[in-house]
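Residue numbers (this note's numbering): 34 to 180.
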């Protein structure tokens, strides 16, 4: 692998490159039952295609599907999911308006079932971390590193 530079998020256009600005407030949307990390990439594509002069993005389903790496039918269903969680709006397929994501507090107030999913994920994560700490403590005892 060639030696590549580290991405500097403070200066994303350095070197005449274009980057898709994905809002940080979109992160908690993965806890909504209709969302996933890959659907956030579709949201990012809509942001990338957005034309502020026209007031919307207008890639075809086929173009989005190709860039998204999914079939057109799947892409279409995922666009419906983005609309359901209010990340995009559209009068019809083919014309999309990316919306600013809700902040974390407003999101969980609007979608309480997402808060429940987040809590379950958090508890699972904490249980796993505690298991790791317990295994490390036991290992240290067995090796004589701890009393």
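Glycine included, C-beta positions come from ideal geometry on N, C-alpha and C.
Buried or exposed (CB count within 10 angstroms, at least 16 for buried), residue i
i, result
"residue 115", "buried"
"residue 130", "exposed"
"residue 141", "buried"
"residue 72", "buried"
"residue 78", "buried"
"residue 91", "exposed"
"residue 139", "exposed"
"residue 118", "buried"
"residue 169", "exposed"
"residue 147", "buried"
"residue 52", "exposed"
"residue 174", "exposed"
Identity of the residues DSSP links to residue i by a beta bridge
i, result
"residue 131", "121"
"residue 90", "129"
"residue 84", "89"
Proximal residues to residue i (C-beta, below 8 Å), its chain only, five neighbours per side dropped
i, result
"residue 108", "75, 94, 97, 98, 101"
"residue 59", "73, 76, 120, 134"
"residue 136", "58"
"residue 151", "61, 64, 141"
"residue 56", "133, 134"
Interface flag, residue i vs chain C, CB-CB below 8 Å
i, result
"residue 39", "The structure shown contains no chain C; it is built from a single protein chain."
Span of the alpha helix (DSSP H), counted from its first residue to its last, around residue i
i, result
"residue 179", "That residue, residue 179, is in no alpha helix (DSSP H); it is neither H nor E in DSSP."
"residue 140", "137-143"
7 Å Cβ shell around residue i - same chain, five flanking residues per side excluded
i, result
"residue 132", "119, 120, 121, 122"
Contacts around residue i, its chain only, beta-carbon distance under 6 Å, and the 5 residues preceding and following it disregarded
i, result
"residue 70", "63"
"residue 128", "89, 91"
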